[in-house]
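Protein chains in written order, with the working numbering: chain A, 1 to 467; chain B, 1 to 467.
Data block below; observations after.
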């Protein structure tokens with residue numbers, strides 16, 4: 001196992017790395033390093049002897065070769081927007097920042113882009129849009145999160161329902177593996193059965209097998225018409241059944257976001273926005289809401305309206321007839337994060353349930369949390385048609401992991417996943433065994449040993465220590 | 001490297017395998033074995049000491065454990081519909097037939113199915129349809145090709161353009177790896193970032209890393225309305241430009257199949273069908289044709305017609321207004337295989353080109369073939385909007401690989417892939433280096449050594465021998 005910085009003269013280390021990337025691109029000044037050693041939530045804080053900022057794949061390969069030779073561990077870092085501590089040097093690793101690899105090129109004929117690791121998702125989206133196409137992965141951190149980071153974590157986001165996660169966009173990568181090999185497969189062929197899917201394997205491997213330096217991604221035609229509606233239901237069962245039915249009856253469905261009555265009330269209190277359906281003569285608060293969005297060539301609102309009219313259990317409907325109203329409806333969902341944070345830093349758990357277990361989970365998880373921490377409050381929302389629920393818990397000390405443990409065990413009992421889209425990082429390693437058998441963990445370790453034989457790539461991430 | 005049957009008493013081998021799967025399921029009689037040792041085209045013919053037919057994953061694991069202990073190589077086989085010799089025991093391997101693993105279950109709520117390896121694609125499609133859903137992978141061999149085989153080869157087929165290849169449908173697998181581990185991840189979670197994507201890695205690995213015993217796949221809503229049109233163009237450049245433009249302007253596009261004038265004439269001669277656009281007053285034969293299909297919630301023909309009306313270079317259009325006419329139009333494309341086979345067994349090459357190189361390839365490849373074999377005739381058709389061209393060559397002896405070599409080298413020069421959807425098998429191993437660097441091949445070998453440390457799984461397939 002590679003070590004961090006202990007046992008090596010910082011000056012010698014800096015000089016040797018500077019010989020590869022240039023003096024200006026080895027940061028050791030605490031002020032300059034500060035932003036690289038802590039995640040944006042402040043939960044994960046580490047330290048590093050140096051932040052190295054290579055400019056291209058050959059420099060990445062040279063830094064990695066040096067690390068292997070010296071037995072120094074490194075942590076690749078993109079936009080540092082992760083939520084599970086996977087990009088922070090918690091054990092004193094060298095930080096390899098990929099942000100200088102920021103070139104992007106759109107192939108308008110093919111409807112594809114080659115984006116280097118440091119390109120932000122926002123910049124990729126803008127380049128795609130300038131070329132008449134759309135990059136379908138979208139997430140709140142779009143202007144910080146990078147292509148490299150989203151490939152390494154198989155980022156999901158707001159439009160997985162229609163377009164799939166990052167892995168579904170990936171036609172190939174350029175990467176430097178832990179073996180030292182630089183592989184490059186950026187030709188953008190849509191069908192290419194010539195061996196193992198290395199791009200797919202690296203995607204979601206959280207920087208433990210190789211360092212992705214560029215990606216070839218598919219683009220999609222921008223939607224011509226988008227419609228948004230907010231539906232109210234009497235409970236989780238009806239709302240989940242409604243969202244799942246829309247997946248079948250409305251192929252144009254691009255989002256289905258669950259909210260609950262408590263969360264909606266909190267959002268309205270914190271933001272000062274009027275509750276939905278105010279003035280409709282109905283009770284102001286419903287037990288559950290689903291925000292739905294559809295994309296179509298034309299008349300998305302008509303298709304959405306027709307599909308919603310067929311749904312049983314819908315108590316109230318608001319259809320946005322213009323973009324301003326659509327933004328207002330989305331705001332109920334998007335303000336959940338801010339509203340919950342106003343109560344103190346929550347435990348943020350991101351889980352998936354099998355379709356049939358979604359409603360029971362939503363109904364029962366507050367009691368599971370309460371048994372573990374009687375003073376805690378549970379807030380639920382998420383991408384419900386994907387099975388993805390964001391479980392936020394307030395009223396618990398940040399370091400008290402009993403609620404996390406209780407929720408993860410409940411999720412696993414129901415056949416769900418402890419990480420829908422955030423990855424495992426360092427934060428969820430203790431619970432990975434709930435989802436993965438000894439045979440799977442052993443297989444992961446064999447793959448790790450095959451592609452990172454010196455164990456220098458993110459050694460503290462994903463794989464639990466052998467017991 | 002594991003050996004085939006040499007050096008072992010056939011009787012002892014049979015008895016030991018029968019102890020695992022039962023006497024009835026170890027086939028050694030030449031009449032019974034005959035169908036397992038040759039592919040359907042007759043090009044690949046091998047021999048085997050025994051065909052073993054396990055009934056479930058534990059029996060597969062026991063057979064594999066025995067093979068590892070005895071150093072006996074095995075070839076997993078599904079429907080035996082491959083085109084590259086990947087499922088035939090060319091070096092006397094034991095054949096492991098997965099066809100008895102034929103259970104399939106549809107989860108109507110989730111819109112998913114769990115299909116065991118031996119289920120045919122046709123059976124999976126029917127089960128999906130009975131449940132109100134559709135399995136989007138479709139191919140001509142649907143009633144023979146199996147789930148296990150299509151996962152192992154990442155099969156593509158007729159609807160990749162809209163739904164992606166097999167890998168895009170895959171939510172998880174059950175598999176017995178070459179290490180002996182049985183892994184199972186069939187929960188059907190749509191978002192699940194808990195470690196490396198083992199299902200995606202096994203998909204397309206052609207039975208060299210593990211034996212897939214079951215798959216969890218997504219289903220899609222069946223299309224409500226389908227429209228088909230045949231477009232005529234003056235040449236490859238216009239037809240390719242038209243197909244690529246439709247990808248952007250018609251998101252509902254589900255197929256775009258290229259045909260050329262020579263092929264169309266041959267089809268009409270062989271089948272006795274009238275040429276398209278006969279009686280329109282235009283010349284009977286165009287240089288190129290594209291058959292297009294669109295799927296929509298409603299009025300697919302309208303959407304298709306509108307998009308086609310915007311295309312430059314369209315010389316003639318026939319829109320099918322009923323299913324019978326749609327079938328007639330599809331027949332021009334589907335009869336290509338039969339028509340070409342009537343001239344003698346062709347060399348069938350399946351390649352992908354980058355979008356910008358498609359038209360030059362179509363225009364120039366006949367001359368490339370003619371230089372390698374002056375008496376040869378080249379026939380081109382395929383899934384043009386995917387970049388996928390089927391190159392059929394007649395007038396060349398089956399064993400004369402000079403035309404294959406010339407075409408593959410030309411494809412690689414243009415940045416294309418020597419295998420779009422058929423895989424590498426044994427047939428394309430000599431050319432894999434045209435598409436994959438030494439670093440990539442070395443990485444493949446490391447993955448093979450990690451997951452099949454005894455080298456018993458399909459040792460003659462995919463990876464070229466080390467030089």
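Where is the CB? At the ideal position from N, CA and C, for every residue including glycine.
The structure displayed is predicted, hence computed values, not measured ones.
**OP:** State buried or exposed for residue 10 of chain B, treating a residue as buried only when at least 16 other CB atoms are found within 10 Å of its CB.
**Re:** Residue 10 of chain B is exposed by the Cβ-count criterion.
**OP:** Can you give me, in chain order, the residues of the segment 438-462 of chain A that have a beta carbon less than 9 Å from any beta carbon in chain B?
**Re:** Legend: CB atoms of the segment 438-462 of chain A lying less than 9 Å from CB atoms of chain B belong to residues 438, 439, 440, 441, 442, 443, 444, 446, 447, 448, 449, 450, 451, 453 and 462.
Subject >> Helix, strand or coil at residue 75 of chain B according to DSSP, with G and I counted as helix >> reply: Here DSSP, grouped into helix, strand and coil, assigns residue 75 of chain B to strand.
Original post:
What did DSSP end up calling residue 1 of chain B once you bin it into helix, strand or coil?
Top reply: Because residue 1 of chain B carries a pLDDT of 42, less than 50, the predicted location of this residue cannot be relied on, and no value is offered for it.
**OP:** Starting from the C-beta of residue 233 of chain B, find all residues in its chain whose C-beta is less than 8 Å away, skip the five residues before and the five after it, and write them out in chain order.
**Re:** Shown here for residue 233 of chain B: same chain residues with a beta carbon closer than 8 Å to its own, the five before and five after excluded, namely 239, 242, 286, 287, 288, 289, 290, 313, 314 and 315 in chain order.
**OP:** With a floor of 3 residues, list each beta strand (DSSP E) that falls wholly inside the segment 303-349 of chain B, ordered by position along the chain.
**Re:** The DSSP assignment places complete beta strand (DSSP E) segments of no fewer than 3 residues inside the segment 303-349 of chain B at 314-319, in order along the chain.
**OP:** Return the first residue and the last residue of the beta strand (DSSP E) that residue 225 of chain A is part of.
**Re:** Where residue 225 of chain A is concerned, the enclosing beta strand (DSSP E) stretches over 225-233.
Original post:
Which class does residue 277 of chain B belong to by DSSP, given the choice of helix, strand or coil?
Top reply: Correct three-state label for residue 277 of chain B: coil.
Subject >> Under 8 Å (Cβ pairs) to chain B, residues found in the segment 177-200 of chain A >> reply: Answer set for the segment 177-200 of chain A: 177, 179, 181, 182, 183, 184, 185, 187, 188, 189, 190, 191, 192, 193, 194, 195, 196, 197, 198 and 200.
Original post:
Can you find a C-beta in chain A that's less than 8 Å from the C-beta of residue 464 of chain B?
Top reply: Against chain A, the CB of residue 464 of chain B has no partner CB under 8 Å away; the residue lies outside that interface.
**OP:** Give the residues of chain B in contact with residue 432 of chain A, contact being defined as C-beta atoms less than 8 Å apart.
**Re:** Simply 194 and 195.
Original post:
For residue 87 of chain B, does the three-state DSSP call read helix, strand or coil?
Top reply: Residue state, collapsed to three classes: coil.
Original post:
In terms of residues, what are the limits of the beta strand (DSSP E) holding residue 129 of chain B?
Top reply: Careful: residue 129 of chain B lies outside any beta strand (DSSP E), inside the alpha helix (DSSP H) at 121-130.
Original post:
If you measure from the beta carbon of residue 156 of chain B to each beta carbon in chain A, is any gap under 8 Å?
Top reply: Output row for residue 156 of chain B: interface = yes.
**OP:** Could you give the DSSP three-state label for residue 210 of chain A: helix, strand or coil?
**Re:** DSSP places residue 210 of chain A in strand when its eight states are reduced to three.
Original post:
What is the residue span of the alpha helix (DSSP H) that residue 289 of chain B lies within?
Top reply: Run containing residue 289 of chain B: none in the alpha helix (DSSP H); it sits in the beta strand (DSSP E), 288-296.
**OP:** Could you tell me if residue 218 of chain A is buried or exposed, where buried requires 16 or more neighbouring beta carbons within 10 angstroms of its beta carbon?
**Re:** With 16 or more neighbouring CB atoms inside 10 Å of its own CB, residue 218 of chain A falls in the buried class.
**OP:** Whole angstroms is fine: what's the gap from residue 458 of chain A's alpha carbon to residue 74 of chain B's?
**Re:** Cα-Cα distance, rounded: 37 Å.
**OP:** Name the one or two DSSP bridge partners that residue 116 of chain A has.
**Re:** Residue 116 of chain A pairs with A/214.
Original post:
Where does residue 68 of chain B land, buried or exposed, given buried means 16+ other C-beta within 10 angstroms?
Top reply: Burial call: buried.
Original post:
What residues of chain A sit near residue 120 of chain B, judged by a beta carbon separation below 9 Å?
Top reply: In chain order: nothing, as chain A lies at least about 20 Å away.
**OP:** Indicate whether at least one CB of chain A lies closer than 8 Å to the CB of residue 153 of chain B.
**Re:** Closer than 8 Å to the CB of residue 153 of chain B there is at least one CB belonging to chain A.
Original post:
Cα-Cα, which of A/388, A/428 and A/83 is closest to residue 402 of chain A?
Top reply: For the set A/388, A/428 and A/83, the Cα lying nearest the Cα of residue 402 of chain A is the one of A/428.
Original post:
At a Cβ threshold of 8 Å, is residue 26 of chain A touching chain B?
Top reply: Not closer than 8 Å to any Cβ of chain B, the Cβ of residue 26 of chain A fails to qualify, so no.
Original post:
What's the C-alpha gap between residue 309 of chain B and residue 112 of chain B?
Top reply: If you draw a straight line from the Cα of residue 309 of chain B to the Cα of residue 112 of chain B, it is about 37 Å long.
Subject >> Any chain B beta carbon closer than 8 Å to residue 160 of chain A >> reply: By the rule that beta-carbons nearer than 8 Å mark a contact, residue 160 of chain A touches chain B.
Original post:
Which same chain residues, not among the five before or five after residue 224 of chain B, have their C-beta less than 6 Å away from its C-beta?
Top reply: Cβ within range, chain order: 297.
Subject >> Cβ neighbours of residue 40 of chain A in the same chain (closer than 7 Å, five flanking residues each side left out) >> reply: Answer for residue 40 of chain A: 80 and 81, listed in chain order.
**OP:** Would you check if the segment 165-175 of chain B and the segment 194-208 of chain B touch, i.e. whether three or more CB-CB distances between them fall below 8 Å?
**Re:** They touch, by the three-pair rule.
Original post:
With 16 other CB atoms within 10 Å as the buried threshold, where does residue 97 of chain B fall?
Top reply: A residue is called buried once 16 or more other Cβ atoms fall within 10 Å of its Cβ, and residue 97 of chain B is buried on that count.
Original post:
Got a sec, what are the start and stop residues for the alpha helix (DSSP H) residue 239 of chain A sits in?
Top reply: Taken as a continuous stretch (DSSP letters only), the alpha helix (DSSP H) holding residue 239 of chain A covers 236-249.
Subject >> Cβ-based neighbour list, residue 1 of chain B, same chain, cut-off 7 Å, excluding 5 preceding and 5 following >> reply: Because residue 1 of chain B carries a pLDDT of 42, less than 50, the predicted location of this residue cannot be relied on, and no value is offered for it.
Original post:
Within 8 Å (strictly less), CB to CB, does residue 386 of chain A reach chain B?
Top reply: Residue 386 of chain A counts as touching chain B.
Subject >> Candidates A/147, A/65 and A/91: closest to residue 45 of chain A by CA position >> reply: Nearest Cα to residue 45 of chain A within the set A/147, A/65 and A/91: A/91.
**OP:** Less than 8 Å between the CB atoms is what I'm expecting for residue 300 of chain B and residue 227 of chain B, so what's the real figure, rounded?
**Re:** So it is a contact: roughly 4 Å between Cβ atoms.
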